[in-house]
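K.L.:
Counting from 1, position 212 in the sequence shown corresponds to residue 235 in the numbering used here; the numbering is continuous, with no gaps.
The beta carbon of each residue, even a glycine, is placed where N, CA and C say it ideally should be.
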Amino acid sequence: MKAIICNAYGPPEVLQLAELERPSPKEHEVLIKVHAATVTAGDVNVRGFTFVPPGFGLLPRLMFGLKKPKTPVLGTELAGVIEAVGSKVTNFQKGDQVFGHDSARFGAYAEYACRPAAGPLALKPSNLSFEEAASIPFGAGTALYFLRDRAKIRPGQKILIIGASGGVGAYAVQLARYYGADVTGVCSTGNMELVKSFGAAQVVDYTREDFTRNGQTYDFIFDTVVGKASFSRYKPSLSRNGRYIAVAGGPKEMFQMLWTSLASDKKVLFGTPTENAKDLAFLAQLAEQGHIKPFIDRRYPLEQAAEAHRYVDSGRKRGNVVLVVV
Ligand SMILES: NC(=O)c1ccc[n+]([C@@H]2O[C@H](COP(=O)([O-])OP(=O)(O)OC[C@H]3O[C@@H](n4cnc5c(N)ncnc54)[C@H](OP(=O)(O)O)[C@@H]3O)[C@@H](O)[C@H]2O)c1
């Protein structure tokens, strides 16, 4: 089968087209004929090994691979059709159209991938294409985790979403709207109409306005922009008992979460979603009911995975970037 392999951490050029043996499912696994995979911010971080700050690299390198990824085929999100099931699989059958996410195992940049049948895999929403369905788990799963599980967002609460045009932000706007919040999106001029189309009631153009100076306060500030985050700068824009949701946070925000849990009425929320089938099924239902809709910025054939990574590396992608496999 055709696959894209990564034999070193580095720039997009480390991704190479290769011919690999088709995997076969173990007894609790399914074999998926992949129709679409995506290139997420997470994927480019793994390829470049840029997801850990200097000095924190040893443990992740032991986990992911010392000099190159332990799993040469990257890609975590996919959608496709079940080609075969292992002998002990009862919840899926050959021919099922599925979508899923597995950041522990990767392997989506290929014509075929095996996934645990009891893992983060669900039936594809019937109203979406494979490309759209593949674009749901990373962004929508992350937004769901922070909004529903960590923030416990309620109708009428005010939320400011920084990076509202990105992979996570686009779904955060839609899901916050679904939960009845009053949503303000922060993006650049060219993305304002797009962010309004996701359901933001207000949009702040960060190239023209600094939201920390406009006198507004919010119950939540949901920040997806890596490197620019600053709890101390954003704190005055939080209402009393407000929460700063550090989606793109690192060790500093982790420490702030612990510190603010003791010392302040305004707190930092930090965390990592657990990928699971139940949330995927819930998101599929929301997609079928029209509450969330994936936005695809660009599509690339599988063979052009390096090109797709180069674009995502730019930090300017809108919504999702898809690799079309079939
Ligand atoms: N905690 C977790 O478990 C978790 C899970 C998923 C993702 N993440 C992290 O969350 C971050 C975001 O992921 P993503 O998929 O949303 O990334 P992404 O899609 O690559 O984000 C790109 C978007 O960011 C916007 N942007 C860039 N600078 C901005 C600024 N200063 N203000 C407002 N918007 C800005 C860009 O819009 P413009 O061109 O208009 O600037 C673009 O649309 C990544 O660092 C990722 O690693 C964390």
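For the alpha helix (DSSP H) containing residue 301, list its first residue and its last residue.
P.N.:
Mapped onto the sequence shown, residue 301 falls at position 278. Note, residue 301: alpha helix (DSSP H), 300 to 311.
K.L.:
Quick one: using the 10 Å Cβ neighbour count with 16 as the cut-off for buried, is residue 166 buried or exposed?
P.N.:
Sequence index remark: in the sequence shown, residue 166 carries index 143 (1-based). Under this definition residue 166 is a buried residue.
K.L.:
With respect to the alpha helix (DSSP H) encompassing residue 334, which residues constitute its N-terminal and C-terminal limits?
P.N.:
In the sequence shown, the residue the question calls residue 334 occupies position 311. Counting along the chain, the alpha helix (DSSP H) containing residue 334 begins and ends at 328 to 336.
K.L.:
For the putative contact between residue 317 and residue 159, defined by C-beta atoms under 8 Å, what is the C-beta separation to the nearest angstrom?
P.N.:
By 1-based counting over the sequence shown, the position of residue 317 is 294. By 1-based counting over the sequence shown, the position of residue 159 is 136. About 6 Å; that satisfies the 8 Å criterion.
K.L.:
Applying the 10 Å Cβ sphere with the 16-neighbour rule, what's the burial state of residue 161?
P.N.:
Position 138 of the sequence shown, counting from 1, holds the residue named residue 161. Residue 161 is buried by the Cβ-count criterion.
K.L.:
Taking the straight line between their C-alpha atoms, what separation do you get for residue 201 and residue 41?
P.N.:
For the purposes of this step, residue 201 is identified with residue 178 of the sequence shown, where counting begins at 1. For the purposes of this step, residue 41 is identified with residue 18 of the sequence shown, where counting begins at 1. Computed Cα separation, rounded: 43 Å.
K.L.:
If we count the other Cβ atoms within 10 Å of its Cβ and call it buried at 16 or more, is residue 243 buried or exposed?
P.N.:
Here residue 243 refers to the residue found at position 220 when the sequence shown is read from its first residue. So residue 243 counts as buried.
K.L.:
Is DSSP giving residue 122 helix, strand or coil here?
P.N.:
Here residue 122 corresponds to residue number 99 of the sequence shown, with the count starting at 1. Residue state, collapsed to three classes: strand.
K.L.:
If you measure from the CB of residue 222, is any heavy atom of ligand 1 nearer than 6 Å?
P.N.:
Here residue 222 refers to the residue found at position 199 of the sequence shown. Because no heavy atom of ligand 1 lies under 6 Å away, the Cβ of residue 222 does not count as near it: no.
K.L.:
Check whether the Cβ atoms of residue 209 and residue 191 lie closer than 7 Å to each other.
P.N.:
One-based indexing of the sequence shown puts residue 209 at position 186. One-based indexing of the sequence shown puts residue 191 at position 168. No, the pair does not count as a contact, with Cβ atoms beyond the cut-off.
K.L.:
Considering only heavy atoms of ligand 1, does any lie closer than 6 Å to the CB of residue 185?
P.N.:
Position 162 of the sequence shown, counted from the start, is the residue given in the question as residue 185. True, at least one ligand heavy atom lies under 6 Å from that Cβ.
K.L.:
Are residue 349 and residue 58 close, meaning C-beta to C-beta below 7 Å?
P.N.:
Mapped onto the sequence shown, residue 349 falls at position 326. Mapped onto the sequence shown, residue 58 falls at position 35. Yes. Within cutoff.
K.L.:
Quick check: what's the CA-CA separation for residue 203 versus residue 299?
P.N.:
Here residue 203 corresponds to residue number 180 of the sequence shown, with the count starting at 1. Here residue 299 corresponds to residue number 276 of the sequence shown, with the count starting at 1. Residue 203 and residue 299: Cα-Cα distance of roughly 24 Å.
K.L.:
Taking the alpha-carbon positions, what's the residue 302 to residue 164 distance?
P.N.:
Counted from its first residue, the sequence shown places residue 302 at position 279. Counted from its first residue, the sequence shown places residue 164 at position 141. About 7 Å.
K.L.:
Out of 225, 217, 325, point me to the one whose CA is closest to residue 239's CA.
P.N.:
Position 216 of the sequence shown, counted from the start, is the residue given in the question as residue 239. It is 225 whose Cα lies nearest to the Cα of residue 239.
K.L.:
For residue 137, which of 48, 189, 321, 312 has the nearest alpha-carbon?
P.N.:
In the sequence shown, counting from the first residue as 1, residue 137 sits at position 114. Comparing Cα positions, the closest option is 48.
K.L.:
Alpha carbon to alpha carbon, what distance is there between residue 189 and residue 156?
P.N.:
In the sequence shown, counting from the first residue as 1, residue 156 sits at position 133. In the sequence shown, counting from the first residue as 1, residue 189 sits at position 166. Those two C-alpha atoms are separated by around 17 Å.
K.L.:
If you measure from the CB of residue 62, is any heavy atom of ligand 1 nearer than 6 Å?
P.N.:
Residue numbering aside, residue 62 sits at position 39 when the sequence shown is read from its first letter. No, ligand 1 has no heavy atom inside 6 Å of this Cβ.
K.L.:
Quick check on this structure: which residue in 230, 27, 258, 115 has the alpha carbon closest to the alpha carbon of residue 61?
P.N.:
The count along the sequence shown starts at 1 and reaches residue 61 at position 38. Among 230, 27, 258, 115, the Cα nearest to that of residue 61 is on 27.
K.L.:
Are the C-beta of residue 216 and some C-beta of chain C separated by less than 7 Å?
P.N.:
In summary, chain C is missing from the structure at hand, where a single protein chain is found.
K.L.:
Please determine whether the Cβ atom of residue 421 lies at a distance below 6 Å from any heavy atom of ligand 1.
P.N.:
Lying outside 24 to 349, the shown extent of the chain, residue 421 is not represented and no answer is given.
K.L.:
For residue 258, which residues from the same chain have a beta carbon less than 6 Å from its beta carbon, with the 5 sequence-adjacent residues on both sides left out?
P.N.:
Residue 258 sits at position 235 when you count from the first residue of the sequence shown. Here the set comprises 289.
K.L.:
Bridge partners for residue 353 per DSSP, in chain order?
P.N.:
Nothing about residue 353 can be reported from this structure: the residues present for the chain run from 24 to 349 only.
K.L.:
On the premise that residue 66 lies in contact with residue 98, defined as a C-beta separation below 8 Å, what is that separation, rounded to the nearest angstrom?
P.N.:
Indexing the sequence shown from 1 puts residue 98 at position 75. Indexing the sequence shown from 1 puts residue 66 at position 43. With 8 Å as the limit, residue 98 and residue 66 qualify as a contact, their Cβ atoms being about 6 Å apart.
K.L.:
Between which two residues does the alpha helix (DSSP H) harbouring residue 155 extend?
P.N.:
Sequence index remark: in the sequence shown, residue 155 carries index 132 (1-based). Element bounds for residue 155: 153 to 157.
K.L.:
Are there three or more Cβ pairs, one per stretch, closer than 8 Å when the segment 125 to 144 is compared with the segment 110 to 117?
P.N.:
Because the criterion of three Cβ pairs below 8 Å is met, the segment 125 to 144 and the segment 110 to 117 touch.
K.L.:
With hydrogens ignored, establish whether the beta-carbon of residue 271 is closer than 6 Å to any heavy atom of ligand 1.
P.N.:
Translated into the one-based positions of the sequence shown, residue 271 becomes position 248. Because some heavy atom of ligand 1 lies under 6 Å away, the Cβ of residue 271 counts as near it: yes.
K.L.:
Can you check which of these residues, 39, 198, 82, is closest to residue 312 by C-alpha distance?
P.N.:
For the purposes of this step, residue 312 is identified with residue 289 of the sequence shown, where counting begins at 1. The option with the nearest alpha carbon to residue 312 is 198.
K.L.:
Give the DSSP-derived three-state secondary structure of residue 341 in the structure shown.
P.N.:
For the purposes of this step, residue 341 is identified with residue 318 of the sequence shown, where counting begins at 1. Here residue 341 sits in coil by DSSP.
K.L.:
Can you have a look at residue 81 and say buried or exposed, based on whether 16 or more other CB atoms are within 10 angstroms of its CB?
P.N.:
Sequence index remark: in the sequence shown, residue 81 carries index 58 (1-based). Classification for residue 81: exposed.
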